[in-house]
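Contents: one structure, followed by commentary.
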Amino acid sequence: MSALRKSPSPFTAMPPPAASLPRGRDVFGVGFEEVALTIHRDAAACRQLAARARSHVREARPRFQIEQERGLEIAQAFFTASRSGDMTKLGAMLAADVSMHSDGGGKRPAALRPVLGWKQVIQLHKALAVMFGKYGSALVRTVMVNGLPGFITREADGELQTTALDIEDGQVRAIYVTRNPDKLRHLH
Numbered sequence: 001m002s003a004l005r006k007s008p009s010p011f012t013a014m015p016p017p018a019a020s021l022p023r024g025r026d027v028f029g030v031g032f033e034e035v036a037l038t039i040h041r042d043a044a045a046c047r048q049l050a051a052r053a054r055s056h057v058r059e060a061r062p063r064f065q066i067e068q069e070r071g072l073e074i075a076q077a078f079f080t081a082s083r084s085g086d087m088t089k090l091g092a093m094l095a096a097d098v099s100m101h102s103d104g105g106g107k108r109p110a111a112l113r114p115v116l117g118w119k120q121v122i123q124l125h126k127a128l129a130v131m132f133g134k135y136g137s138a139l140v141r142t143v144m145v146n147g148l149p150g151f152i153t154r155e156a157d158g159e160l161q162t163t164a165l166d167i168e169d170g171q172v173r174a175i176y177v178t179r180n181p182d183k184l185r186h187l188h
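Numbering of the sequence shown is given in our numbering, commencing with residue 1 and proceeding in unit increments.
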């Protein structure tokens, strides 16, 4: 018998409806309404279950802490490259399996599904860089956002947004953009 044991999946500790939501929604792109019909719940309850399941998965994942000063340096470089349109510099910062998640809360424009993979994230940032060049995006400050290095910006519409970067081995593995004004009230 091997001394190595496979670590249990974070999904095994969740009740079945919660365990199926991240897979159905994030992996297969199934809408909350369709998931709701499948598990006999309403869409709002499915959204809440999905949020809890994602949180549970994040907590179960081993964290690779980056020194705060180094993390904020990377966040500053990310802001500069993404806003100036320097896709070579931005691309060098991203892991091959990078993901980008955004939350507009239905009140501000945001991607409806996670953007997955280096190529797709770069393509999105190319398009965003054109908009930033035309309409602007001002850095308010680099900060730790929910324990991750990131930054606060004031966008062209005058609203604030946060960007948090999950960094591992010096590369950005995930980008979390919060544009939902209800979640950013404390910043005003």
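Even for Gly, the Cβ is constructed at its ideal location relative to N, Cα and C. The structure presented is a predicted model; accordingly, all values stated were derived computationally and were not measured.
Rounded separation between Arg23 and Val98 - CA only: Within the sequence shown, the letter at position 23 stands for residue 23. Within the sequence shown, the letter at position 98 stands for residue 98. The predicted position of Arg23 is uncertain, since its pLDDT is 48 and thus under 50; a value taken from the coordinates is nonetheless stated next. Roughly 17 Å between the two C-alpha positions.
Proximity of Ile74 and Ile167 at Cβ, strictly below 9 Å: Here residue 74 refers to the residue found at position 74 when the sequence shown is read from its first residue. Here residue 167 refers to the residue found at position 167 when the sequence shown is read from its first residue. Contact flag set, yes.
Ile167 in three-state terms, based on DSSP: On the sequence shown, position 167 is the one that residue 167 refers to. It is a strand residue.
Close Cβ partners of Met100 (< 6 Å) along its chain, the five nearest in sequence each way excluded: Against the sequence shown, residue 100 aligns to sequence position 100. Contacts found: Val115, Val121, Ile175.
Local conformation of Gln161 per DSSP, three classes: Sequence index remark: in the sequence shown, residue 161 carries index 161 (1-based). Looking at Gln161 - three-state DSSP - the assignment turns out to be strand.
Whole-angstrom C-beta distance between Arg173 and Ala213, which should lie under 8 Å: Nothing can be reported for residue 213, as the shown portion of the chain is limited to 1 through 188.
Closest by C-alpha distance to Arg83, when choosing among His186, Tyr135, Asp157: Here the question's residue 83 lines up with position 83 in the sequence shown. Of His186, Tyr135, Asp157, the residue nearest in Cα terms is Tyr135.
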